[in-house]
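Remarks on the structure that follows.
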Amino acid sequence: MTQKHKVVVIGSGNWGSTIGKILAENTREHSDIFEEDVSMWVFEEDVDVPDDGTLRDQLGDKPVKLTHAINTTHQNVKYLPGIKLPDNLVANPDLQDTVKGATILVFNLPHQFMSKTLEQIKGNHLPYARAISCVKGVNISEGTVKLYSELIMEKLGIYCGSLSGANIASEVAAENLCETTIGYDGPPMDYKQPDGSSQDNLIKVDKQRQSKSNPSRIALHPVPQTYHHVDSALLEKLFGRPYFNVQVVRDVSGVALGGALKNIVALAAGFVAGKGWGENTKAAVIRIGVLEMVRFGCLWFPQSVDERTFTKESAGIADVIASTSAGRNFHSACHAVEQGVTVDEIEKKELGGQKLQGTSTTRAVHEFLEKQGQLEKFPLFVFVYDILEERTTMDALPELLIRGSKVIA
Ligand SMILES: NC(=O)C1=CN([C@@H]2O[C@H](COP(=O)(O)OP(=O)(O)OC[C@H]3O[C@@H](n4cnc5c(N)ncnc54)[C@H](O)[C@@H]3O)[C@@H](O)[C@H]2O)C=CC1
Ligand SMILES: O=C(CO)COP(=O)(O)O
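The number in the numbering used here is simply the position in the sequence shown, starting from 1, with 10 added.
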């Protein structure tokens, strides 16, 4: 008797709710493989009820718990207003209860909350669960740079792939046609070792990034044979929609890294737009930015990043294109320059609780490159950091473009 996979999403923000919608649409469509209900962990908070007749009829006009609002109206009134969520997407404020018994965990929350969330999950999840990280960012610890797919594997001892692409959440939620990339190089059809012990699997952690807690191997527990094997075909059924075309590749690191670094380039493009310097200058900045993304991947992830991911897949160049014209990092950087304030101030003032990932990624990457003595190889990444820290101004950009071209050549 085949057991059905229990799918959960950890995070309920703008993208977390959008991915939750996709997952719930598919668990309903493929109810032979998946339990129909998708539990979505919600970081509980009081939310105002929008001034909308239907919502107020259902919720009243006083602040309510976000979980209650979602489960009553099937709408995330704070982070994805106006989008109808499937009624089999069930908001749950209890993290441990959400992950209990789940065989597929989809992580989708701002990276600044990941470490704390993983600590709270540890010990409450199935040892043979599989995970997909939709988180865009990098984690710097013990002097090395980690992807969140690696941090999840390290902290929870489960195999984790990555999902990233040109995916402005509001457009995906509106079911505008788009595509995404999933990086998954999961264990082969699980089997028991002869002695019945758990199956050791190599995760691709490059030598110069291995540390005592960033090992190159984790002991994976085989998924019981009673479940459908978690492979690219199953992931396409779980994530693919008529409006959401999924390509599965084996380059887990390249997919995750593309999604993280593009946010630095999006900030740079936003600064240019804020100065009104036009599309040619923005294109020049993007070109240097993409070259620095590839250089970073090849330098620090040589065994596990396939540089073609940055130019071939949605998680690379396509996400850069979408994010440098319509992403929150782009718009926040543009508004900061226009208004003469910091990007952090714009985030607080304009995003209604949503979180930027580019600012913290820029600072993390700068901290790592400084430790490695490699700042001079990444002039654009350093420029974005210096603007964020108010250590330079946009007047330094023309010289940087000339220098950047030479350094990156
Ligand atoms: N929004 C978008 O268009 C896209 C976002 N992403 C990525 O998806 C990831 C998640 O982003 P979003 O879902 O957009 O989140 P968001 O930017 O809407 O942030 C709000 C989320 O943060 C949570 N939160 C706030 N304070 C918290 C705390 N103290 N502890 C735990 N959670 C807390 C909220 O509950 C909510 O789920 C990010 O890494 C982002 O880069 C990827 C593609 C598109
Ligand atoms: O990752 C995204 C699009 O793919 C969203 O980017 P922002 O976080 O800048 O909105």
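Cβ coordinates follow ideal geometry from the N, Cα and C atoms, glycine included.
Whose C-alpha, out of Ala139, Val394, Val351, is nearest the C-alpha of Gln235?
Selected option, being the one with the closest Cα: Ala139.
Should the segment 260-268 be called in touch with the segment 278-297, which here means at least 3 C-beta pairs below 8 Å?
The segment 260-268 is not in contact with the segment 278-297.
What separation, rounded to the nearest whole angstrom, lies between the Cα atoms of Gln364 and Met11?
Gln364 and Met11: Cα-Cα distance of roughly 43 Å.
Just tell me which of Val59, Thr154, Lys16, Ile20 has its CA closest to the CA of Glu380.
Closest in alpha carbon position to Glu380, among Val59, Thr154, Lys16, Ile20, is Thr154.
Does Arg424 pass the burial test, meaning 16 or more other C-beta atoms within 10 Å, or should it be called exposed?
Residue 424 is absent from the model: the chain starts at 11 and stops at 419.
Three-state secondary structure (DSSP) at Ala176?
It is coil, neither helix nor strand.
Which term fits Thr448, buried or exposed, when burial requires 16 or more other beta carbons within 10 angstroms of its beta carbon?
Summary: the structure shown does not reach residue 448, with the chain confined to residues 11 through 419, and so no result is reported for it.
What's the call for Leu187, buried or exposed, on a 16-neighbour Cβ count within 10 Å?
Looking at its Cβ environment, which holds fewer than 16 other Cβ atoms inside 10 Å, Leu187 is exposed.
With C-beta atoms as the reference, is Thr113 less than 8 Å away from Leu136?
Going by C-beta atoms, Thr113 is nearer than 8 Å to Leu136.
Looking at Leu76: is its Cβ nearer than 8 Å to the Cβ of Glu55?
By the CB criterion at 8 Å, Leu76 and Glu55 fall inside the cutoff.
Say yes only if the C-beta of Ile150 is nearer than 7 Å to one or more non-hydrogen atoms of ligand 3, and no if none qualify.
Because ligand 3 does not appear in the structure shown, any question about it cannot be addressed here, the ligands present being ligand 1 and ligand 2.
Could you work out which residue in Val74, Ser27, Leu115, Asn86 is closest to Lys16 when comparing CA atoms only?
The residue from Val74, Ser27, Leu115, Asn86 with its alpha-carbon nearest to that of Lys16 is Leu115.
What residue range does the beta strand (DSSP E) around Thr191 cover?
Note, Thr191: beta strand (DSSP E), 188-193.
Less than 7 Å separating the Cβ of Ile178 from some heavy atom of ligand 1?
Placement of the Cβ of Ile178 at a distance of less than 7 Å from at least one heavy atom of ligand 1 is found.
Heavy atom of ligand 1 within 7 Å of Cys170 beta-carbon
Here the distance from the Cβ of Cys170 to the nearest heavy atom of ligand 1 is not below 7 Å.
Reference Val377, options His239, Val100, Val148, Tyr237, closest by Cα
The identity of residue 377 in the sequence shown is Glu, whereas the question assumes Val. Out of His239, Val100, Val148, Tyr237, Val148 has the C-alpha closest to the C-alpha of Glu377.
From Ile298, Ala229, Thr319, residue whose alpha carbon lies closest to that of Val259
A check of alpha carbon separations from Val259 across Ile298, Ala229, Thr319 identifies Thr319 as the nearest.
Per DSSP, Ser324 forms a beta bridge with which residues?
DSSP lists no beta-bridge partner residue for Ser324.
Contact between the segment 178-185 and the segment 21-40 (3+ Cβ pairs under 8 Å):
Contact between the segment 178-185 and the segment 21-40 is established, with three or more Cβ pairs separated by less than 8 Å.
Could you name the residues that DSSP lists as bridge partners for Trp51?
Beta-bridge pairing links Trp51 to Ile20, Asn102.
Extent of the continuous beta strand (DSSP E) run through Asn149
For Asn149, the enclosing beta strand (DSSP E) stretches over residues 148-151.
How would you write the range of the alpha helix (DSSP H) that Arg297 sits in, first residue to last?
Run containing Arg297: 288-310, per the alpha helix (DSSP H) assignment.
Arg305: which of Phe117, Gly414, Asn86 sits nearest, CA to CA?
Comparing Cα positions, the closest option is Gly414.
Phe391 - DSSP class collapsed to helix/strand/coil
The answer is helix: DSSP assigns Phe391 an H, G or I state.
Ser333: beta carbon under 7 Å from a heavy atom of ligand 2?
Yes; taking the cut-off as 7 Å, the Cβ of Ser333 has a heavy atom of ligand 2 nearer than that.
With 16 as the cutoff for other CB atoms within 10 Å, does Pro389 come out buried or exposed?
Buried: at least 16 other Cβ atoms inside 10 Å.
Should Lys359 be labelled buried (16 or more other beta-carbon atoms within 10 Å of its own) or exposed?
The Cβ neighbour count for Lys359, taken over all protein chains shown within 10 Å, is under 16; the residue is labelled exposed.
To the nearest angstrom, how far is the alpha carbon of Thr59 from that of Ala79?
It should be pointed out that residue 59 corresponds to Val in this sequence rather than to Thr. Taking the straight line joining both Cα atoms gives about 8 Å.
Please list the terminal residues of the continuous beta strand (DSSP E) segment that includes Asn255.
Unbroken beta strand (DSSP E) run through Asn255: 254-259.
What residues in its chain sit with their C-beta under 6 Å from that of Leu161, if we drop five residues either side in the sequence?
Its chain contains Asn149 as the residues whose beta carbon lies nearer than 6 Å to that of Leu161, once the 5 sequence neighbours on both sides are disregarded; these appear in chain order.
Where does Ile397 fall in DSSP's three states?
Three-state result, Ile397: helix.
Go ahead and pull the three-state DSSP assignment for Tyr237.
DSSP places Tyr237 within a strand segment (E or B) once states are collapsed to three.
Is the beta carbon of Tyr253 within less than 7 Å of some heavy atom of ligand 1?
It does not: the Cβ of Tyr253 is nowhere closer than 7 Å to a heavy atom of ligand 1.
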